[in-house]
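The structure under discussion appears below in the form of structure tokens.
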Amino acid sequence: MKEGTGGDPFGDDDPLDGDSSGESGDADSGGTDGDERPVAATSVSRETEDDWTERDSDDSTDNSRGDDGLPWAVERNSVKSDREMVQFYLRDFVQDRESEFQREIETETGYDTYLTDVREAAYLVAMNHPEEVAELLDEWGCEYV
Amino acid sequence: MLTYTTYSEAGGVGKTTLSANLARAHRDHGHRVLVVDLDPQDGCLSYLLGVDDDRSDEDVDTIVHHMIDRGDDFDGLIRTTEGIDVVPSHNMLERLGDLLEKAASIAEQTGESFSKYGRLRHVLAANDVPENYDVLIVDPPATSGPHLYNAIDATRSLVIPVEPSGKGGESIAGLESVVAGIESNLDIDVGVLATVVNRFEGTNDQEAVLGDVNDMPYPNPVTLRKRSSLFEGCWTERCSAFQYVEEHRDRERDHERETLDKLDELATVLEERGEL
Numbered sequence: 001m002k003e004g005t006g007g008d009p010f011g012d013d014d015p016l017d018g019d020s021s022g023e024s025g026d027a028d029s030g031g032t033d034g035d036e037r038p039v040a041a042t043s044v045s046r047e048t049e050d051d052w053t054e055r056d057s058d059d060s061t062d063n064s065r066g067d068d069g070l071p072w073a074v075e076r077n078s079v080k081s082d083r084e085m086v087q088f089y090l091r092d093f094v095q096d097r098e099s100e101f102q103r104e105i106e107t108e109t110g111y112d113t114y115l116t117d118v119r120e121a122a123y124l125v126a127m128n129h130p131e132e133v134a135e136l137l138d139e140w141g142c143e144y145v
Numbered sequence: 001m002l003t004y005t006t007y008s009e010a011g012g013v014g015k016t017t018l019s020a021n022l023a024r025a026h027r028d029h030g031h032r033v034l035v036v037d038l039d040p041q042d043g044c045l046s047y048l049l050g051v052d053d054d055r056s057d058e059d060v061d062t063i064v065h066h067m068i069d070r071g072d073d074f075d076g077l078i079r080t081t082e083g084i085d086v087v088p089s090h091n092m093l094e095r096l097g098d099l100l101e102k103a104a105s106i107a108e109q110t111g112e113s114f115s116k117y118g119r120l121r122h123v124l125a126a127n128d129v130p131e132n133y134d135v136l137i138v139d140p141p142a143t144s145g146p147h148l149y150n151a152i153d154a155t156r157s158l159v160i161p162v163e164p165s166g167k168g169g170e171s172i173a174g175l176e177s178v179v180a181g182i183e184s185n186l187d188i189d190v191g192v193l194a195t196v197v198n199r200f201e202g203t204n205d206q207e208a209v210l211g212d213v214n215d216m217p218y219p220n221p222v223t224l225r226k227r228s229s230l231f232e233g234c235w236t237e238r239c240s241a242f243q244y245v246e247e248h249r250d251r252e253r254d255h256e257r258e259t260l261d262k263l264d265e266l267a268t269v270l271e272e273r274g275e276l
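Chains as they are written, first to last, in full-length UniProt numbering: chain A, 1 to 145; chain B, 1 to 276.
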């Protein structure tokens with residue numbers, strides 16, 4: 001213990017690092033046990049993942065494959081690894097649709113998914129369609145607020 | 001951002017009164033202040049400031065819910081009084097240790113990491129507290145445990161009220177070992193912003209303790225004299241000493257003004273230390 005200020009609690013180190021993310025408790029409830037992670041998805045997802053992440057930024061942490069050449073989702077320790085929590089505020093009907101959406105995705109993929117993964121993937125897909133996003137914002141009247 | 005935990009191993013040294021009044025002084029200096037009350041006992045800071053009326057309501061959202069990832073809207077926790085934002089105490093804080101253990105166990109089984117003593121810092125960071133406030137004060141109970149560890153991890157700096165008795169000096173020595181353990185276990189760096197001798201009456205024994213405290217390697221910017229009627233009045237009217245003098249005294253008394261000035265001075269010293 002020293003005189004003066006101690007370390008900066010909210011300084012350089014990411015306060016979310018090495019901790020659970022603080023997302024609402026049900027955020028990942030749609031997922032499966034770690035034992036059932038979709039290793040088989042490797043070849044299917046490789047091309048699309050690269051497509052989305054390359055557009056994203058030059059930041060190498062966005063790479064979809066780690067040092068071992070495994071897909072990111074296989075290599076990570078938990079669904080929250082490498083992720084920073086961002087709060088989303090969603091209306092009830094969107095949350096309802098989110099559950100339906102996740103089931104549709106699972107039907108499509110043939111394996112269970114984490115809601116956290118589905119959300120981020122969906123967001124990246126939306127980023128490839130800015131014009132449709134803009135259209136919906138228009139419908140909501142966002143230009144008047 | 002200025003962040004600190006008010007802490008003393010000894011109970012009854014005016015820690016809670018000091019927290020509430022420093023919060024008010026920072027606010028009067030134009031700073032945005034958040035106080036997190038982690039003390040589950042009656043007579044806690046949120047009782048003093050009159051914002052603890054939900055403490056036994058089992059249906060409300062609490063800081064404990066947030067610390068175990070079961071919280072609702074963080075802003076909904078906050079009660080504002082005298083311009084100070086307070087996250088109030090709640091009876092559920094008595095179970096904080098057990099609940100953190102359970103949450104950690106669940107996280108372990110699902111392969112997620114969970115730092116039991118980093119939860120408060122995490123909740124505050126995730127809810128933009130560093131961006132929205134200039135000052136964060138955490139007021140934990142006077143016992144070692146998850147409340148204190150979370151408070152220190154979230155603030156990294158301490159303000160230590162000291163009782164002017166032999167026990168007061170010993171309590172600092174005890175705190176040294178507690179903090180050293182926390183620094184080592186959590187791998188953090190903890191500093192002392194100030195020690196504050198409180199309830200000083202000027203007896204020879206107390207003068208000796210004051211000398212000992214002054215010899216310690218920590219700043220001791222002000223000594224607060226015993227002002228029983230002022231601080232008892234605060235607990236009766238449930239407000240800070242600043243508000244008590246403004247609203248509940250028919251005239252300003254010089255000795256009470258002196259105490260308010262010292263609280264103000266202490267707040268200024270802390271703000272300078274926190275580079276506000």
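Every residue, glycine too, gets a C-beta built ideally from N, C-alpha and C.
Assuming residue i contacts residue j under a Cβ cut-off of 8 Å, what Cβ separation, rounded to an integer in Å, is found between them?
i                      : j               : result
residue 291 of chain B : G174 of chain B : In the structure displayed, chain B extends from 1 to 276; residue 291 of chain B sits before or after that span and is not available.
T6 of chain B          : C44 of chain B  : Wrong, their Cβ atoms sit about 12 Å apart, outside the cutoff.
T155 of chain B        : Y4 of chain B   : 5 Å
L38 of chain B         : H147 of chain B : 4 Å
H26 of chain B         : E271 of chain B : 7 Å
V33 of chain B         : V135 of chain B : 5 Å
V87 of chain B         : V36 of chain B  : 5 Å
S89 of chain B         : D52 of chain B  : 6 Å
Given residue i, which residues of its chain have a CB within under 6 Å of its CB, disregarding the five upstream and five downstream residues?
i               : result
T195 of chain B : I160, V162, V213, Y218 and N220
A267 of chain B : L22, A25 and H26
N91 of chain B  : R55 and S56
D250 of chain B : none
A20 of chain B  : L45, L48, L49 and S240
With 8 Å set as the bound, which would you pick, yes or no: does the beta-carbon of residue i sit closer than that to a beta-carbon of chain B?
i               : result
T113 of chain A : no
F88 of chain A  : no
Show which residues of chain B have a CB atom less than 7 Å away from the CB atom of residue i.
i              : result
G7 of chain A  : R156, I188 and D189
F10 of chain A : M1, A125 and P130
Please confirm whether any heavy atom of the ligand FAD lies closer than 7 Å to the CB of residue i.
i              : result
R79 of chain B : As presented, the structure is devoid of all ligands, the ligand FAD included, so that no description of it is given.
If we cut at 8 Å on Cβ distances, does residue i have a partner in chain A?
i                      : result
R273 of chain B        : yes
V197 of chain B        : no
E176 of chain B        : yes
A23 of chain B         : no
residue 285 of chain B : Beyond the ends of chain B as shown, which are 1 and 276, falls residue 285 of chain B; an answer cannot be given.
L99 of chain B         : no
V192 of chain B        : yes
A241 of chain B        : no
R95 of chain B         : no
R27 of chain B         : no
R238 of chain B        : no
R32 of chain B         : no
Could you list which residues in chain A have their beta carbon closer than 8 Å to that of residue i, in chain order?
i               : result
Y218 of chain B : E3
Given that residue i touches chain A, what residues does it touch there, using C-beta distances under 9 Å?
i               : result
T81 of chain B  : Result: empty, since nearest Cβ-Cβ is about 25 Å, beyond 9 Å.
A180 of chain B : M1
Grab me the residues of residue i's own chain with a C-beta within less than 8 Å of its C-beta, minus the 5 sequence neighbours each way, in chain order.
i               : result
E265 of chain B : P221 and V222
L93 of chain B  : L38, D39, P40, T62, I63, V64 and H147
Name, please, each residue of chain B whose Cβ falls closer than 8 Å to the Cβ of residue i.
i              : result
S78 of chain A : T110, G111, E112 and S113
Counting only Cβ pairs nearer than 9 Å, list the residues of chain B close to residue i.
i               : result
M127 of chain A : Near M127 of chain A there are no residues of chain B at all, since even the closest Cβ is about 23 Å away, more than 9 Å.
Strictly below 7 Å CB to CB, what residues from chain A border residue i?
i               : result
P173 of chain B : Residue identity check: residue 173 of chain B is Ala in the sequence provided, not Pro. The premise fails here: A173 of chain B is roughly 11 Å from chain A at the closest Cβ pair, so nothing lies under 7 Å.
Please return the same chain residues whose Cβ sits closer than 7 Å to the Cβ of residue i, not counting the five positions on each side in sequence.
i               : result
L2 of chain B   : D134, V135, L270, E271, G274 and L276
A126 of chain A : V133
R119 of chain B : M67, L100 and N150
Quiz item: With contact counted as at least three CB pairs below 8 Å, one residue from each stretch, are the segment 195–209 of chain B and the segment 225–239 of chain B in contact?
Solution: yes
Self-check item: Three or more C-beta pairs below 8 Å linking the segment 72–87 of chain B and the segment 46–62 of chain B
Solution: yes
Self-check item: Any 3 or more C-beta pairs closer than 8 Å across the segment 103–117 of chain A and the segment 97–112 of chain B
Solution: no
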